[in-house]
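**Q**
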Amino acid sequence: MTHGTKIGFWTCTALVVGNVIGMGIFLLPASLAPYGFNALIGWTATLLGCLALARVFSYLAHALPDADGPYGYIRRTLGDLPAYMALWAYWVSLWLTNAALATGAVGYITVVFPALQAIHPAVFALGLLWLFVGINLMGVRAGGSVQIVTTALKLLPMIAIAVLGAWVLLHAPASYSAHLPTTPISLKDTMAAGTIALFAMLGIESASVPAARVNDPGRTIPRATMTGTVLTAVIYIIVSTVPLLLIPQQELGNASAPFALLMDRFGGAGFGRWLSLFVVVSGLGALNGWTLLVGELTRTMAANGVLPRVFVRDNRRGAPAVALVVTGALASVMVWMSYSKSLVSAFTFITRVVTAANLPLYLCCSLALIVLWRRGAVRGAVLPAAVLGVLFVVFAFIGIGHEPLVLGLGLIAAGLPLYAFMRLRRKPQAVKVTTT
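For the sequence shown, our numbering assigns the number 31 to the initial residue and increments by one for each residue that follows.
1) By the three-class DSSP mapping on this structure, what secondary structure does I277 have?
2) For the alpha helix (DSSP H) holding V179, just list the boundary residues, first then last.
3) Can you find a C-beta in chain B that's less than 8 Å from the C-beta of M115?
4) So, at 6 Å on beta carbons, what are the nonlocal neighbours of G419 in its own chain, with the 5 sequence-adjacent residues on each side left out?
5) Quick check on the burial criterion: 16 or more other C-beta atoms within 10 angstroms. Buried or exposed for F451?
6) By DSSP's criteria, I37 is part of a beta bridge. Which residues make up the other side?
7) Our contact map puts I51 next to S236 with C-beta atoms below 8 Å; I'd like the distance itself, whole angstroms only.
8) Measure the C-alpha to C-alpha separation of C42 and Q279 and round it to an integer number of angstroms.
9) With distance defined between alpha-carbon atoms, name the residue in A63, G169 and I104 nearest to L402.
10) Pull up the distance between the alpha-carbon of E326 and that of F296, whole angstroms please.
11) Of the residues G66, V47 and P100, which one's Cα is nearest the Cα of G330?
12) Classify N245: buried if its beta carbon has 16 or more other beta carbons within 10 angstroms, exposed otherwise.
13) Closest by CA to V269, which one among A230, T255 and G174?
14) With a threshold of 8 Å, are at least 3 pairs of Cβ atoms found where one atom belongs to the segment 52-66 and the other to the segment 260-275?
15) Going by the beta-carbon positions, is the gap between W40 and G358 smaller than 8 Å?
16) Could you have a look at T213 and say whether DSSP puts it in helix, strand or coil?
17) Straight-line CA distance for N128 to V436?
18) Quick one: give me the first and last residue of the alpha helix (DSSP H) that V336 is part of.
19) With three or more beta-carbon pairs closer than 8 Å as the criterion, would you say the segment 250-262 touches the segment 344-355?
20) Indicate the three-state DSSP secondary structure (helix, strand or coil) for V408 in the structure shown.
21) Rounded to a whole number of angstroms, what is the C-alpha to C-alpha distance between L446 and K36?
22) What number of angstroms, rounded off, separates the C-alpha of L111 from the C-alpha of L117?
23) Taking K17 as the reference, give the member of R249, I277, V46 and L441 with the closest Cα.
24) Determine the contact status of T107 and L314, defining contact as a CB-CB distance below 8 Å.
25) Applying the 10 Å Cβ sphere with the 16-neighbour rule, what's the burial state of I428?
26) Between F67 and I265, is the Cβ-Cβ spacing less than 8 Å?
27) Which same chain residues, not among the five before or five after A44, have their C-beta less than 6 Å away from its C-beta?
28) Taking Cβ positions, are G54 and Y65 nearer each other than 8 Å?
29) Return the residue from the list P211, A353, P338 and I139 that minimises the CA-CA distance to G169.
30) Buried or exposed: where does A190 fall if 16 or more other Cβ atoms within 10 Å of its Cβ makes it buried?
31) Give the secondary structure of N318 by DSSP, where H, G and I count as helix, E and B as strand, and everything else as coil.
32) Rounded to a whole number of angstroms, what is the C-alpha to C-alpha distance between L263 and R455?
33) Apply the 10 Å Cβ neighbour rule to G48 and answer buried if 16 or more other Cβ atoms are within range, or exposed otherwise.
34) When the Cα atoms are used, what is the spatial distance from V384 to H201?
35) State the start and end residues of the unbroken alpha helix (DSSP H) segment that holds F56.
36) Return the first residue and the last residue of the alpha helix (DSSP H) that H92 is part of.
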């Protein structure tokens, strides 16, 4: 693979920030409002846990720079089957997420530009989905460039909220104590709020997934992972706290666009509509980033013999063409389901397992780092990060509830027949990447 088809620090950082900050953060203050100050405690626990997980991925990338990402980290330490189960669930969650982002972006676009309501929403969503498949077919550098631009744009409304919060603090500090939340603090509500916050933090592993496409992965991935996670954590704490303290709890909980409500009330009428435009940019940026990742992950799994070999093949621009097209088709099916009145409940039911489907990856990578520590392959303060990562995943499993957990386990079980079939067919060694 030539140097020109690889990505560097800024693109990797943009993948982390851009994939974590999707569309969920723009609704998150309303989702967390019923929990009051439990939300801030839950946020703190979640962010500390995510920082520990970011350290886990950083240490793994430094210790195993040639492992081709999380699949290689787990396979080399825990074995083939744990690697497959964790990455299979994660793989399915990626194209489910792409379908949700495409449909969500359409809803916001038609609000900002009402004339586009003439386009059938399902067709519109499919058009957006395949637009970013097409961009990533141009190569990882093309997808990475789009990611840098959209990430820079999506940070603008976050900065606007932070500036507004600071302005109110300086000019009307009493506003912060006028509508304090009244919900009592409890462990149950704190864990529930923390689980909701975790969904908004999914994606901290983004820099490590396309490891084979990264320049100097042993150095670039750790730096990008920690930089992106810390930056996102600071942003999330600020933009979650400001509306919670400035808007009455019940009103915030019923708001369909909490940031727009905040901007209209304290910044001036009309600001909220412009904010919606950045929601679109944020959603499309995340759609681009997750499209890039699902293509790279599909190629990696095929290269290791657990998905059909055809997914290994790259086009002349170095993009995993077959992987991108097939995962785009799978996401397209989910888009059609989301617009079917008879199947919309099924679609909602399926997407509830997305968070649960990510947890096995985080757990296995934390355990992988512990194995490397026991082997003496890593040194320094790696064990506390790994143990904290494990404890945080256990905390998340408890907080996520029984039903999503069972569904997540069912999702893993559904992939086992394919694993058994591919294991019978594959050669002992991993397949090498070829170019058409």
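Ideal Cβ positions, reconstructed from N, Cα and C, are used throughout, including at glycine.
**A** So, to answer that:
1) Looking at I277 - three-state DSSP - the assignment turns out to be coil, as it is neither helix nor strand.
2) Counting along the chain, the alpha helix (DSSP H) containing V179 begins and ends at V170 to H201.
3) In the displayed structure, chain B is absent; only one protein chain is listed.
4) So the qualifying residues of the chain are A82, L83, V86 and S396.
5) Exposed, by the Cβ-count rule.
6) Answer is V244.
7) Not confirmed; about 11 Å, so no contact.
8) Straight-line spacing of the CA atoms in C42 and Q279 works out to 37 Å.
9) It is I104.
10) Near 43 Å, if we compare the C-alpha coordinates of F296 and E326.
11) First, the residue type needs correcting, since residue 330 is Thr and not Gly in the sequence shown. For the residues G66, V47 and P100, the minimum Cα distance to T330 belongs to P100.
12) Exposed, since its Cβ has fewer than 16 Cβ neighbours within 10 Å.
13) Closest option to V269, Cα to Cα, is A230.
14) Put simply, the segment 52-66 touches the segment 260-275. At least three CB pairs are less than 8 Å apart.
15) Result no, Cβ atoms of W40 and G358 do not sit closer than 8 Å.
16) Here T213 sits in coil by DSSP.
17) Rounded to the nearest angstrom, the two C-alpha atoms are 23 Å apart.
18) Following the DSSP letters along the chain, one finds V336 in no alpha helix (DSSP H), marked with neither H nor E.
19) Note that the segment 250-262 does not touch the segment 344-355; fewer than 3 beta-carbon pairs, one per stretch, sit closer than 8 Å.
20) V408: coil per DSSP, three-state reduction.
21) Looking at the two C-alpha atoms, the distance is approximately 33 Å.
22) In a straight line, the C-alpha of L111 is about 10 Å away from that of L117.
23) The structure shown does not extend to residue 17, since the chain spans only 31 to 466, so no value can be given for it.
24) At a Cβ-Cβ threshold of 8 Å, T107 and L314 do not count as neighbours.
25) I428 comes out exposed.
26) F67 is not a Cβ neighbour of I265, given a cutoff of 8 Å.
27) Exclusion of the five residues before and after A44 leaves Q177, I178 and T181 as the residues of its chain whose Cβ lies within less than 6 Å of its Cβ.
28) Contact flag unset, no.
29) Out of P211, A353, P338 and I139, the CA that lies nearest to the CA of G169 is found in A353.
30) With 16 or more Cβ atoms within 10 Å of its Cβ, A190 is classed as buried.
31) Looking at N318 - three-state DSSP - the assignment turns out to be helix.
32) It should be pointed out that residue 263 corresponds to Ala in this sequence rather than to Leu. One alpha carbon belongs to A263, the other to R455, and they sit about 44 Å apart.
33) If you draw a 10 Å sphere on the C-beta of G48, you find 16 or more other C-beta atoms in it, and that means buried.
34) Distance between the alpha carbons of V384 and H201 is about 42 Å.
35) Note, F56: premise wrong, no alpha helix (DSSP H); not H, not E.
36) Note, H92: alpha helix (DSSP H), F67 to A93.
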